[in-house]
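Residue numbers (the numbering used here), protein chains in the order written: chain A, 61 to 395; chain B, 61 to 395.
Ideal Cβ placement from N, Cα and C applies to all residues, glycine included.
Read the structure below first, then the notes.
Right under this line is the structure:
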């Protein structure tokens, strides 16, 4: 039997559980909103499925539920936020309005976050920048899982970047959100739990050899998409989200899952660019570019799948299977 | 029989041929320097091999040899240059000092170029930014050759990006320079001329089907590295180097080879970021990251091959085969 929840209930449930686990309202509320947004777009891995992990991390001290992020604007186009080992979302919420103002002032601005944490669906942060009429280009890193081509020791995480492009009407014309690896590491974890093999080309074992054994892959490394070029894109993310931000290197970050290792202390870097500062007609050029993609049979714009889910789930709400409902304590909720 | 030239002679030859073809000294000199730099790093495709193309493009009007680029700084962190259908290099030289100053002022700055042209080795521009102690992140687009995954009409060019990271001592710790396609289009052109087949996975024919026929590939599209993720990275480049810059879309740009179609009118976008504005210790973190890559057996830092060539060619000079020497008119040069 499945349980159905509308999005308001998703957010309220997440908020309650986070506060019960010791998070302050200012730490919990932005995370609860992010869980709602993930469920709304059908990104279930960062929706209610992640809530038990957040709760565990509040309990074990990977996240400080009472952290107070600290903002600085050392130069006109530079914004920094110390997330103080709290959740990433409240630190981002603190800095974002300042980033947007700085981008309007200077034409371009950058915000870096340090002593931060997994920021959930990266594309959602980029999309908020696009909703302000700016190009959003966001980078976040993660505990190391990808080795350089030819090597065997992971140096960078699956290190995604996201790009959101304003549509001139308060939204994003499209949102790109992609990691550096062939597949998400969570896919390998899932296969490992089920005792299933993984396809060739996903991962290497600890000796740097191709493997189809999911457990061996988790002790080895994830393969980058497009070989050296995927590693290169992940390296760009590492430079901006970790080294520039003054965050921990991916090589030393504690895992985003489980309870050992203390705060991950990872970082983010978000760029905001005001197209009006550079040339007129940006929105028209983007509309023509997007049309040239989505009018082709068989092709689709980046983010199209999430938008389709959004249209559906906004009205239908989400269904939770019994197992997740149990883990969320919904069997004792009668309201 | 081969002809040997030291790098001074390479630059002098390039300068002479460009001026003979009608370029002003201010247009020709930066291009001649770029040819020297390409030969120095063993990037022969953008060295003297490209000189006959530059000369042809001056003759046919694809490049205006007397163009005077125009600079503007509409906001504190925004620099724009109208290359005025001249070469890209003098326009970049005009804007670069202003970009560097803007990045120091604001922490980050962006320079866009429009009505521009092929800018040669993209990594060299990023490297100059790193030599000023800043992170250089450069984007340039090209006539369309890559279709969106699932489609068959090219929408973006091979659209490379380059990243150069300062080493704290006036140089770059590493330089990444990669296109969005599996291989450079020039590789397919070469095979087509020789009547050779291309490997699977390089390109599609005009119907969007995989092909090993180089001629059919040139009428079709180049495959992006890593599938949709390579296309995504190329799309990021398109947004910044074309749409933001106010340049022509890749879909409408005239070819960088041959003499038809008038000026390509393509664009570039260069970002410069001052690490000191965001956190202390950047150079140490980059050194540790670079070491974690290059100390692994079998792995190497991005740009390592070019650096090795540089060390060698700085002293040895370059060798030209008879065919290229003839095309450069070296058989009539007795000096």
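For residue i, the residue or residues it bridges with in DSSP
i: residue 236 of chain B; result: B:223
i: residue 191 of chain B; result: In the DSSP output, where bridge partners are listed per residue, residue 191 of chain B has none listed.
i: residue 172 of chain A; result: A:140 and A:329
i: residue 216 of chain A; result: A:206
i: residue 264 of chain A; result: A:270 and A:281
i: residue 257 of chain B; result: B:273
i: residue 422 of chain B; result: Because chain B is modelled from 61 through 395, residue 422 of chain B falls outside the range shown and cannot be assessed.
i: residue 241 of chain B; result: B:284
i: residue 199 of chain B; result: B:221 and B:329
i: residue 379 of chain B; result: B:64
Residue i: first and last residue of the uninterrupted beta strand (DSSP E) it sits in
i: residue 63 of chain B; result: 63-65
Residue from the options with nearest C-alpha to residue i
i: residue 333 of chain A; options: A:187, A:74 and A:261; result: A:187
i: residue 368 of chain B; options: B:235, B:245 and B:386; result: B:235
i: residue 360 of chain B; options: A:279, A:136, A:150 and A:208; result: A:208
i: residue 309 of chain B; options: B:316, B:204, B:291 and B:89; result: B:204
i: residue 119 of chain A; options: A:102, A:146, A:108 and A:106; result: A:146
i: residue 315 of chain B; options: B:94, B:337, B:117 and B:294; result: B:117
i: residue 227 of chain B; options: B:99, B:109 and B:191; result: B:191
i: residue 177 of chain B; options: B:216, B:275, B:202 and B:69; result: B:202
i: residue 330 of chain B; options: B:174, B:170 and B:230; result: B:170
i: residue 289 of chain A; options: A:318, A:240 and A:216; result: A:240
i: residue 339 of chain B; options: A:357, A:305, A:312 and A:185; result: A:305
i: residue 362 of chain B; options: A:294, A:362 and A:327; result: A:294
i: residue 336 of chain B; options: A:358, A:139, A:112 and A:71; result: A:139
i: residue 182 of chain B; options: B:196, B:260 and B:175; result: B:196
i: residue 349 of chain A; options: B:217, B:317, B:63 and B:113; result: B:217
i: residue 327 of chain B; options: B:298, B:347 and B:342; result: B:298
i: residue 247 of chain A; options: A:63, A:65 and A:105; result: A:105
i: residue 300 of chain A; options: A:156, A:174 and A:113; result: A:174
i: residue 180 of chain A; options: A:149, A:155 and A:172; result: A:149
i: residue 153 of chain B; options: B:94, B:68 and B:342; result: B:94
i: residue 108 of chain A; options: A:273, A:215, A:76 and A:136; result: A:76
i: residue 214 of chain B; options: B:87, B:159, B:318 and B:265; result: B:265
i: residue 66 of chain A; options: A:383, A:390, A:388 and A:378; result: A:378
i: residue 193 of chain B; options: B:167, B:210, B:199 and B:200; result: B:167
i: residue 143 of chain B; options: B:122, B:258, B:250 and B:162; result: B:122
i: residue 238 of chain B; options: B:313, B:199 and B:355; result: B:199
i: residue 89 of chain B; options: B:253, B:263 and B:126; result: B:126
i: residue 62 of chain A; options: A:383, A:389, A:388 and A:387; result: A:383
Opening and closing residue of the alpha helix (DSSP H) in which residue i lies
i: residue 396 of chain B; result: Nothing about residue 396 of chain B can be reported from this structure: the residues present for chain B run from 61 to 395 only.
i: residue 99 of chain A; result: 85-100
i: residue 117 of chain B; result: 111-120
i: residue 158 of chain B; result: 148-166
Minimum Cβ-Cβ distance from residue i to chain C less than 8 Å
i: residue 238 of chain A; result: Although the question refers to chain C, the structure presented lacks it and instead comprises the protein chains A and B.
- Query: What residues from the region 214-228 of chain B come within 7 Å of chain A, judged by C-beta to C-beta, listed N to C?
  - Reply: 215, 223 and 225
- Message: Output needed in chain order: residues of the region 338-352 of chain B with a Cβ under 8 Å from some Cβ in chain A.
- Response: The region 338-352 of chain B vs chain A, Cβ under 8 Å: 338, 339, 340, 341, 342, 345, 346, 348, 349 and 352.
- Task: May I ask you to list, following chain order, the residues of the region 304-316 of chain A that have a beta carbon less than 8 Å from some beta carbon of chain B?
- Result: Residues of the region 304-316 of chain A with a C-beta atom less than 8 Å from some C-beta of chain B are 304, 305, 306, 309 and 311, listed in chain order.
- Item | Against chain A: residues of the region 281-298 of chain B by CB proximity under 9 Å | 284, 285, 286, 287, 288, 289, 290, 291, 292, 293, 295, 296 and 298
- Closer than 8 Å, Cβ to Cβ, to anything on chain A: give me those residues from the region 185-206 of chain B, in chain order. 195 and 197
- Quick one: which residues of the region 140-153 of chain B get their C-beta closer than 7 Å to a C-beta of chain A? List them in chain order. 140
- Positions along the region 66-88 of chain A whose CB lies within less than 7 Å of some CB in chain B: none
- Between the region 107-138 of chain A and chain B, which residues of the former have a C-beta closer than 7 Å to a C-beta of the latter? Cβ contacts with chain B: 134, 135, 136, 137 and 138.
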